[in-house]
Each structure stands twice: as C-alpha cells, then as structure tokens.
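Novice: Line by line, the protein sequences give chains A and B.
Heads up: the first sequence at position 68 corresponds to 68 in our numbering, and the numbers run straight through without jumps.
Heads up: the second sequence at position 522 corresponds to 1522 in our numbering, and the numbers run straight through without jumps.
Please read through the structure below; I'll follow up with questions.
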Amino acid sequence: MKNAWQCLVWCIFVLSLVVLGGENQLQAANSKQRQQIKPAKRASCIKCHDQWSDILPNTHQLVQNARFEACMQCHAPQGWGMAPLNKFDAHLHLTHLSNKTSENCFNCHQWKPGAGLTLLGVPGKYGAFTQEEFNALRQIYLSAVDSRFLDNRHLTQGVSCSACHANGVIGQVRNSTCLSCHGPMETLVEKTAPQQHPDRNPHKSHLGEIDCTVCHMQHGPQKIYCLECHPKFDLHFK
Amino acid sequence: MKEKEENKQSGEAIESISHPNFEISRRAVLQGAAALGVATISGMALNLANPAEAEAANRVMPKKWDETIDVVIVGSGFAGLSAAAEACVKGSKVVILEKRPTYGGNSIINGGEFNAWDDELHLRKQLNLGEDSPDQHKNDTLKGGDNYGFPELVEILTSKAPEALNWMIDNGGLKLREILNRTGGHSAYRTHTCVEGVGRGYTEAIKKIAEGKGAEIRLNTALTWIWRKDSDAQTPIEGIEIQTGNKTKNIKVRKALILTSGGFSRDIKMRQSFNPSIVPEFNCTNQPGATGEVIRYAQAVGADALQMAFIQLYPYAEPETGILDTPAVYPFRGPGYGIVYVNKMGKRFVNEMERRDVVSMAQIKTGAKPTYSIFNEEMIPKMGTKEEVEKGIQKGRFIRAETLADLAAQLQIPADVFQETISNHNKYLAEGKDPEFGRQFTKAMIPLTNGPFYAIAQWPAVHHTMGGLRIDKDAQVIDIWGNPIQKLFAAGEVTGGIHGANRLGGNAIPDCIVFGRIAGVNANKAG
Ligand SMILES: Cc1cc2nc3c(=O)[nH]c(=O)nc-3n(C[C@H](O)[C@H](O)[C@H](O)COP(=O)(O)OP(=O)(O)OC[C@H]3O[C@@H](n4cnc5c(N)ncnc54)[C@H](O)[C@@H]3O)c2cc1C
C-alpha cells in the first residue's frame, strides 16, 4: 500500500513535467499562481540530496535553487515526442526508480483519485486518473525502468511516458504518434521488404493499415501477428 | 528518518487538494459519473447454461453500469460493419466490439467472391454470359443446401444481393473486376470479384460507410456475457459484460445488441461436439478468433440455435496449412471456364461443377493427398489476373509447364494417364457430354489444348459453419419457445438456417451484408 503511494508520487512527477509543456501550461505558470503555492507544497531536490548540486551533470550550468519550479524554467517538457528537453523527465524517473530507493511518487508529485497529476510547487497537471489507473501507471513505470520490453528502450533513449501518451491519455497509442518519430510508413515498408516474397511485408499486410502496437507492444513482449495464421513465414524482430 | 519524512509528504499530498487546478478536474469527474448512468439492477441474471462450465458460472446482475451505448454490435466483419452503418442515425451511439487486435474477422481475409444475379454495371449482360434471376439464385441456394435453408430467408438474401453490392459501390467506393464466374453449385454466371481479389475490398468499403456515419470500432474488446433477467418473452436484453485486457466492464444497451461474431470453424471442441466427423486433424481456413462462445452466451439467455452439425469443408485449401490464399480461390473460380480436377493418379475424380461438400468428400475418398486443379494460360484473365498467377508461381503455389507431360513430371503423377485424362475431357467438352461424371458444359468453357499449362495443389479444410442462432426475417434472435428476444439481433455466419446443409461459394458475403443491414435498421426501432 505504501509502495503504491510512493509510485504514484513518482508517476505524478514525470507526468507533471509533461504537463508543463505547451502554451496553456506556460500561461498557467504566471507569477500570480506561483505565489499562491505554499512553501510546504513545493518539491525540491534538497529534501533528499543535501549536496544537490553534486548530482547535477558536470556540464550543467550553476543553479541557485533546487526547486522544481526552477528546473522547469529550462526543462519544461516540449509537448510530446523526442524533444531533447523531454529527456529530463525520462532520466529523473530512471535514476530514481531503477535503484528502487525512492519509489514514493509523492515526494515530488501530488494527486488524488480522479484528479490530474501535478509536480509539487509547479502549476499545470497531467491527465485525470482513477486509483486503478494510477496504480497501473505506477506499476508500468516501475517495470519499465528495467524491463526487457520496448518501454525500457524508449525510456533509456530519453522518451518518457508522456512522449507517447500525450495529455495523460492511457491506453493504446495511435499509429500517427509512433510514426512521428519512426515514420513515414513508406520507409518502414521499404526497410522490411522481403527479397523473395515482396507481398510478405509485415508493414504492408493484406489486413490494410493495422495498429503498430498489434506487434510492437511496449509494456509486454512483442509478437509477430502474421505468424498466427502463417506459421511458416520467416519473420523475426531485429 | 527519511522514510518518515516521505510518509509525511505523501500524507500532505493527499490532503492538499484545494488548488484551483483540482477544482476543474473534480467537476470533470462528477460529470463523468453522471454520464455513467446510476440506474441499479440487482438479483440473479438469467443463465440457462450448464453451471458446471466456468464460462457459465452463476451470475449476478451488475449493480451499476459503467457505460451506456445505444447499439452494441459484436464482431467487425461484413455483418457487423453493415449493421453499424445502418444503425448509425442522428444522435445514436453505435459501437462495434472486436476481440482481436485487428478488425475484419474472416471477412477481411475472404476470397472476395460475391453472388448477385445482377449489379448496377450489368456485368452478365455486358460479358454475354446468359440469363439469371433472383429466383434462379434462390433455387440454386436452396438446392445446394439440400433444402434445409428457410426459403423466406434465402429469398431475402438473393433478392437484396444486387442492392447490397450497389450500396458498397455507390457509398463505399467498392470497385469490381470486369469478370463474372460460374462457380460450384450455381446454374448461372453470378459470382462477382472485387478489384482487390480479397474480402478487404468489401470490408474497407463498408467500414468507410459506417465510420463516416459515426460508428466506433473498439479493438481488443470481447463480449463475455449477455445480461437478461429472465426468459419471459417480454424481457429484453439489459446489457453486456465486456473485457479489454484484464479489465471488465458492464455496458447498458439502450436500443439493441446485434450479434455478428461469425462462425465457429476454429472452435475444435465445439465443432466436433456437433459433428463428430470434423476431427481435430482437419486444417482450417479461418482466422484464430472464429470460435463459438457468443453462440453459447446467447443460448444461456434463451436463444435458439439450429443446424449446428452442418460444417463445410473448403475443397481447395493449401494442403499443408489449410490456408485459403489468393491462389486457392482459382480452383473455385475455374469450373465455369473449364478447369479440371485430377488426383495423384492423374485421373478426374468428380464433376468439377459440384458443390463443395461433394468435391471435398470425393477428394478424401481418393485416399491420397493432395489433388490438383489444372488450367491453361487462356483461362487466367477469366478467373483472375496474370500478376496474381506470377506471384503464386514465385511462392511455389502454382506450377507452370509448357506441355502436359512436363506438368505431370513436375507434379510427379503418371504422365500417360494424365495426358489421356485431359484429352478425354477435351473431347467431352467438344461433344458437349461428359460420360464419366456428367459435367454440365457451357459455351464459355475453354479446352486444355494450348499451353502453357498450370496446376495447383488442393485439399479440404474446415471452412464454414452453416448452423447458428435462429433468426427471423427481421434478423431478430428467436428464443427456444419461438418468440423473438427483445432487443437482440443477429446476422452473418453466427446465424443458422439460411445456407442449409451446404453453403454455396460466394453466398456468405451477400448473406452477411443483407442481414447485417436489416439488423442495423431494426435495431434502431427496438429501443
Ligand atoms: C479464407 C476465407 C475465404 C472466404 N471466401 C469467401 C468468398 O469468397 N465469398 C463468400 O461469400 N464467403 C467467403 N467466405 C465466408 C465468409 O467470409 C464468412 O462467412 C464471413 O466473412 C462471415 O462474416 P461475419 O461478419 O459473419 O463474421 P466475421 O467476418 O468472421 O467477423 C466476426 C468477428 O467477430 C469477432 N468475435 C467473435 N467472438 C467475439 C467476442 N466474444 N467478442 C468480440 N468479438 C468477437 C471475431 O473475432 C471476428 O472478427 C470465406 C471465408 C474464409 C475464412
């Protein structure tokens, strides 16, 4: 139970980072709102890391303030996708969750069933999650930091959850989202064109356009859907 | 020490919810709750199934509904898509549930053959292929099913088939090949083929119509139960239980539930329980989701099912895997143009104009797998396209040879017997009489005199389940007492009583679309 809450906090943190992106959120971050936030509800690295400036990468510019508000001035997520600054979100979660030392989501995040996830002390929110959804998020985050699935590959490349699940929408990701980094479809079709039997191309099947996630599952093992009916096809993941 | 601090933090986090941002989301949550509908129902749910089966454990009516939908359709093949297209009227929420991660069921992988006695292009007249009528199509269908089909249902299928075809052409962008085939069991050239040469040509057209009108398809979502309180004729369907991943939801069905979940050819236990001769060793042409649970759910709330033992073998499937790929449709299209079937001894073994059940049994009786279809270059444009045949050759499906002797050598069948068989058949065709098997020759048939010659291996695989839920002409599901079950409809392969003992090839698409549309129209009047 305690674990669950901790995870929630962490998820919230990541999510909030994402939420902060986009024009609306930037507007919400005006100074008036910022003043309303009580100091006690502000999250800051210094709570756990006394020498917090030591944990910054060598190349990081000097920062006076360890509060997330300050971080967000540069690291506000850039919407979704591979924006370089989104790596901050992925990196923080990876480092805090993979060693399992700080799984309490609420160290940094704030959330209540049915509400959006926020980053303590920073305006803006991500999604609106029920308890069940939040538990799922937490579980997926904890698994993704060291899973052998594609979610881990994305995370370690700096692609955070929100990069695909924009606006806190959990559930199946649309092809257009995948293709915004991996597309266009034509290049994938070309890449996987079999030399011998051109019409056995998994990216151009007789089923028409199917969801990327039919084969490329993120939070579980990938599978080759074609093989369910064509067990003899010579197809495998690279 | 640190842990304590963390706890304190989380405690605070939960309490401190009065930030303006939260106000908005709390309101959103309340609205969401209102939309779910708060009507509560309680008590035991009707369940006539065997309670010893896990699938049918005792059920208690859900206390609340997670969602309300006007028309829920189960299955995203021809029948489901057609029902959805018609059920979409202004202000009506129409959702198709599909348990597989892709839409289309058996429909999207099907052979693309659609029987209609006419069409808006009037292909039969244009190609000068003789006469046909709705009655002739009806009589062939009834006869082909040994008169087990209900004439009033068959009449609807055959009379409305052209309209269904034209609907897809006009509203869905369907394109037809300019060919028309006379296929097994049919007495006329009425088998149309879409340009794609597979069912996707039709499913995409209907999907376009349905989605254009606002229907939604939910993939990875299975029907797992139907909620009905008792079996009184006046008691309607209340709702359904569905499952996505490991999440279960209860849905209130406001107007109607339409079952279009297809056949059960892939349900090995079920098919053998109704027809012991359909042993597990048979291959199957169907997609993996062609299982029969929806029929059982419907039976558990009082629905009647009939003719469940009638299960069809497709005679021309790929012998090793049972797949019905593009090449495997050629032996089916070919009889009207003179294709010849031979066994491993190089001999004919059946009248090629025969129905699927007859051809399949004749093959099994040859005792040697596989048998072959033989055709020549001249027949290709009548049955399909040169491009398809070339692709099939590359895959090793079609075999090509300049001479009959060479073809026999490649097939490893006795060349002398094979050549004699073909020259006899050529002679019968010229004389218009087949003393061996009584083939009904027509003017459109081509003798196998000029090469190159082609062969394709073929063997029966389980293909179609003619039996299923009992429906009336309005596509209402009928209960075991003979009354329609309120708010419950069905169409397509999940139903029984149309094709009788044996479905004629190319009759399933019109069946699914015609009755799917009827179900969709009537579902809207039901709520
Ligand atoms: C390979 C092949 C070739 C064929 N060729 C022809 C042809 O050329 N001409 C012709 O007329 N007929 C042909 N047929 C027959 C015809 O395609 C089928 O009878 C027809 O597609 C059935 O359509 P349907 O809409 O009833 O069901 P389907 O298209 O099978 O769709 C039913 C859907 O319901 C889903 N479903 C099942 N249970 C559940 C559940 N519990 N919850 C949610 N979803 C569920 C299934 O996954 C499936 O997607 C062919 C069949 C096959 C297999």
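Backbone N, C-alpha and C define an ideal beta-carbon position, used for all residues, glycine too.
Let's see if you can read the secondary structure: which residues bound the alpha helix (DSSP H) around B:Asp1135?
Specialist: Segment Pro1134 to Gly1144, the alpha helix (DSSP H) holding B:Asp1135.
Novice: So which of B:Gly1144, B:Asn1424 and B:Gly1043 has the shortest CA-CA distance to B:Thr1183?
Specialist: Comparing Cα positions, the closest option is B:Gly1144.
Novice: Taking a contact to mean a Cβ-Cβ separation below 8 Å, would you say B:Ala1085 touches B:Ala1164 in this structure?
Specialist: It is not a contact, given that the beta carbons lie outside the stated cut-off.
Novice: Just list the alpha helix (DSSP H) runs in the stretch 1340-1394 of chain B, keeping only unbroken ones of 4 residues or longer that don't cross its boundaries, in chain order.
Specialist: Counting only runs of 4 or more, we get 1356-1366, 1380-1383 and 1386-1394.
Novice: What's the call for B:Phe1282, buried or exposed, on a 16-neighbour Cβ count within 10 Å?
Specialist: Answer is buried; the Cβ neighbour count reaches 16.
Novice: Please tell me whether B:Gln1243 has its Cβ less than 8 Å away from any Cβ of chain A.
Specialist: No, B:Gln1243 lies away from the interface with chain A (no Cβ there is under 8 Å from its Cβ).
Novice: Are there 16 or more other CB atoms within 10 angstroms of the CB of B:Val1279, so buried, or fewer, so exposed?
Specialist: That one is exposed.
Novice: Which two residues bound the contiguous beta strand (DSSP E) that contains B:Asp1225?
Specialist: The amino acid occupying residue 1225 of chain B in the given sequence is Trp; Asp does not appear at that position. Here the beta strand (DSSP E) through B:Trp1225 covers Thr1221 to Arg1228.
Novice: Residues of chain A with CB under 8 Å from B:Gly1505, in chain order?
Specialist: By Cβ distance, chain A contributes nothing, its closest Cβ being about 20 Å from B:Gly1505, past 8 Å.
Novice: Would you be able to state if there are at least three C-beta pairs under 8 Å between the stretch 1457-1475 of chain B and the stretch 1510-1526 of chain B?
Specialist: As far as the Cβ criterion goes, the stretch 1510-1526 of chain B touches the stretch 1457-1475 of chain B, which means the pair count is three or higher.
Novice: For chain B, check one thing: does any of its Cβ atoms lie closer than 8 Å to the Cβ of A:Ile46?
Specialist: By this cut-off, A:Ile46 is not an interface position.
Novice: Per DSSP, what kind of secondary structure is B:Asn1181 in: helix, strand or coil?
Specialist: In the structure shown, B:Asn1181 sits in a strand (DSSP, three-state: E or B).
Novice: Who pairs with A:Ser44 in a beta bridge, going by DSSP?
Specialist: Paired residues: A:Arg67.
Novice: Nearest to B:Arg1355 by CA position, among B:Arg1397, B:Val1072 and B:Pro1335, is which residue?
Specialist: Of the candidates B:Arg1397, B:Val1072 and B:Pro1335, the one whose C-alpha sits nearest the C-alpha of B:Arg1355 is B:Pro1335.
Novice: Cβ of B:Ser1261 versus every heavy atom of ligand 1: is any distance shorter than 7 Å?
Specialist: Yes, since a heavy atom of ligand 1 falls inside the 7 Å radius drawn around the Cβ of B:Ser1261.
Novice: Taking only beta carbons into account, state which residues of the stretch 1376-1392 of chain B come closer than 8 Å to chain A, listed in chain order.
Specialist: So the list reads Lys1391, given in the order they occur along the chain.
Novice: Distance cutoff 8 Å, beta carbons only. Does A:Asp146 sit that close to anything in chain B?
Specialist: No - not a single Cβ of chain B is within 8 Å of the one on A:Asp146.
Novice: With the cut-off set at 8 Å, would you say B:Val1294 and B:Leu1259 are in Cβ contact?
Specialist: It is a contact, given that the beta carbons lie within the stated cut-off.
Novice: Give me the chain B residues within the contact set of A:Asp199, using Cβ-Cβ distance strictly less than 7 Å, ordered along the chain.
Specialist: Under the 7 Å cutoff, chain B gives Lys1391.
Novice: So B:Asn1524 packs on B:Ser1092, CB below 8 Å; how close in whole Å?
Specialist: About 7 Å; that satisfies the 8 Å criterion.
Novice: Helix, strand or coil for B:Ile1109 per DSSP?
Specialist: If DSSP states are grouped into helix, strand and coil, B:Ile1109 belongs with coil.
Novice: Let's test the definition: count the other Cβ atoms within 10 Å of the Cβ of B:Met1044 and tell me whether it reaches 16, buried, or not, exposed.
Specialist: Exposed.
Novice: Can you find a CB in chain B that lies within less than 8 Å of the CB of A:Lys232?
Specialist: Yes, its Cβ sits closer than 8 Å to a Cβ of chain B.
Novice: Have a look at A:His219 and A:Pro202 and give me their C-alpha separation to the nearest angstrom.
Specialist: Using only the alpha carbons, I get a separation of about 21 Å.
Novice: Return the first residue and the last residue of the beta strand (DSSP E) that B:Asp1070 is part of.
Specialist: B:Asp1070 -> beta strand (DSSP E) spans Glu1067 to Val1074.
Novice: What would DSSP say about B:Lys1207, mapped onto helix, strand or coil?
Specialist: Looking at B:Lys1207 - three-state DSSP - the assignment turns out to be helix.
Novice: So is B:Pro1447 in contact with chain A if we call contact Cβ pairs under 8 Å?
Specialist: With 8 Å as the cut-off, B:Pro1447 does not count as an interface residue toward chain A.
Novice: Which residue comes first and which comes last in the alpha helix (DSSP H) that contains B:Val1154?
Specialist: Unbroken alpha helix (DSSP H) run through B:Val1154: Pro1151 to Gly1172.
Novice: Where are the beta strand (DSSP E) runs, 3 residues long or more, that stay fully inside the stretch 1454-1508 of chain B, in chain order?
Specialist: For the stretch 1454-1508 of chain B, whole beta strand (DSSP E) runs of length 3 or above, ordered along the chain, are 1468-1470, 1476-1478 and 1484-1490.
Novice: Does the beta carbon of B:Thr1403 come closer than 8 Å to any beta carbon on chain A?
Specialist: Output row for B:Thr1403: interface = no.
Novice: Do you know whose CA, among B:Met1361, B:Gly1338 and B:Val1350, lies nearest B:Tyr1454's CA?
Specialist: Out of B:Met1361, B:Gly1338 and B:Val1350, B:Gly1338 has the C-alpha closest to the C-alpha of B:Tyr1454.
Novice: For A:Ile170, would you say it is in contact with chain B, using Cβ-to-Cβ distances shorter than 8 Å as the test?
Specialist: False, the Cβ-Cβ gap to chain B never drops below 8 Å.
Novice: Can the beta-carbon of B:Glu1113 be found closer than 8 Å to that of B:Thr1203?
Specialist: It is not a contact, given that the beta carbons lie outside the stated cut-off.
Novice: Go ahead and pull the three-state DSSP assignment for B:Arg1266.
Specialist: Correct three-state label for B:Arg1266: coil.
Novice: Using Cβ-Cβ distances below 7 Å, what residues of the stretch 151-184 of chain A are close to chain B?
Specialist: The residues in question: there are none.
Novice: Going by CA-CA distance only, name the one from A:Ser143, A:Ile224, A:Gly208 and A:His206 that's closest to A:Val214.
Specialist: Nearest of A:Ser143, A:Ile224, A:Gly208 and A:His206 to A:Val214, Cα basis: A:Ile224.
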